[in-house]
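First residue of the sequence shown? That's 1 in the UniProt record's numbering, and the numbers climb one at a time after it. We treat Cβ as the ideally placed atom computed from N, Cα and C, and that holds for glycine.
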Amino acid sequence: MTSRRDEDLVGMVAALQTQVAELTQRLDDQAPGATEAPAALRFPTVEAWVTGLFLPMFAWRVDGQRWHWCPQWWRHAEAIWRLELLWRSWEVSRLAPTGMSGWSVEVDRHIHELLGDSGSFKQCRAADEDRAARHTDLPSATADSAPDGWWD
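Structural data, given as structure tokens:
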């Protein structure tokens with residue numbers, strides 16, 4: 001048998017649950033970006049970003065001495081990985097008021113690994129008036145299989 005007090009408590013709990021749900025919905029509706037669609041990409045692919053922004057921005061560095069570029073950059077797995085992450089982070093950073101500041105630190109780290117003397121393109125070269133372009137695959141590291149049971 002339930003008392004009148006129990007019935008009152010059940011009613012108050014139900015009313016509070018409804019109020020919490022309404023307030024939660026209001027907060028969700030007011031959250032930044034709640035009604036905005038995600039920003040469209042400025043460049044639809046990593047290739048479009050490389051040719052449309054990266055190369056024009058950093059072409060001055062490529063001299064074949066200290067800085068190297070491979071016209072077939074897409075044949076280098078490490079280059080794809082680094083350029084893809086630079087592109088995606090650029091797409092996000094461009095939307096933030098100070099995002100490019102952080103992105104510049106990121107690109108500075110990766111540009112040495114891509115274009116530098118020990119980078120992905122160190123044995124490649126772009127064509128010039130005296131020489132044809134050259135692409136050279138770097139050898140991949142190998143690995144032995146772990147002994148049976150190693151990962152158990």
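Just mark V107 as buried or exposed, buried being the case when its beta carbon has 16 or more other beta carbons within 10 Å. Taking the first residue of the sequence shown as 1, we reach residue 107 at position 107. With 16 or more Cβ atoms within 10 Å of its Cβ, V107 is classed as buried.
Where the alpha helix (DSSP H) containing L16 begins and where it ends: The residue labelled residue 16 in the question sits at position 16 within the sequence shown. Where L16 is concerned, the enclosing alpha helix (DSSP H) stretches over 4–30.
Between F43 and L53, which are expected to be in contact by the criterion C-beta below 8 Å, what is the C-beta distance as a whole number of angstroms? Residue numbering aside, residue 43 sits at position 43 when the sequence shown is read from its first letter. Residue numbering aside, residue 53 sits at position 53 when the sequence shown is read from its first letter. Between L53 and F43 the Cβ distance is about 7 Å, and since that is below 8 Å, they are a contact.
Which residues share a DSSP beta bridge with R125? Stepping through the sequence shown from its first residue, residue 125 is reached at position 125. Paired residues: R134.
I need the straight-line Cα distance from V20 to D8, nearest angstrom please. Within the sequence shown, residue 20 is the residue found at index 20, counting from 1. Within the sequence shown, residue 8 is the residue found at index 8, counting from 1. Roughly 18 Å separates the two Cα atoms.
Distance, Cα to Cα, L85 vs V50? For the purposes of this step, residue 85 is identified with residue 85 of the sequence shown, where counting begins at 1. For the purposes of this step, residue 50 is identified with residue 50 of the sequence shown, where counting begins at 1. Roughly 12 Å separates the two Cα atoms.
Give me the Cα-Cα distance between A14 and S3, rounded to the nearest whole angstrom. As a first step, residue 14 must be located in the sequence shown, where it is residue number 14. As a first step, residue 3 must be located in the sequence shown, where it is residue number 3. Each residue's Cα considered, the two are about 17 Å apart.
Which residue from P56, M57, Q65 puts its Cα closest to that of R125? Taking the sequence shown and counting its residues from 1, one reaches residue 125 at position 125. That would be Q65, whose Cα lies nearest to the Cα of R125.
Mind checking which residues open and close the alpha helix (DSSP H) that includes R82? Stepping through the sequence shown from its first residue, residue 82 is reached at position 82. Taken as a continuous stretch (DSSP letters only), the alpha helix (DSSP H) holding R82 covers 77–93.
S140 and H76 closer than 7 Å at C-beta: Numbered from its first residue, the sequence shown carries residue 140 at position 140. Numbered from its first residue, the sequence shown carries residue 76 at position 76. No.
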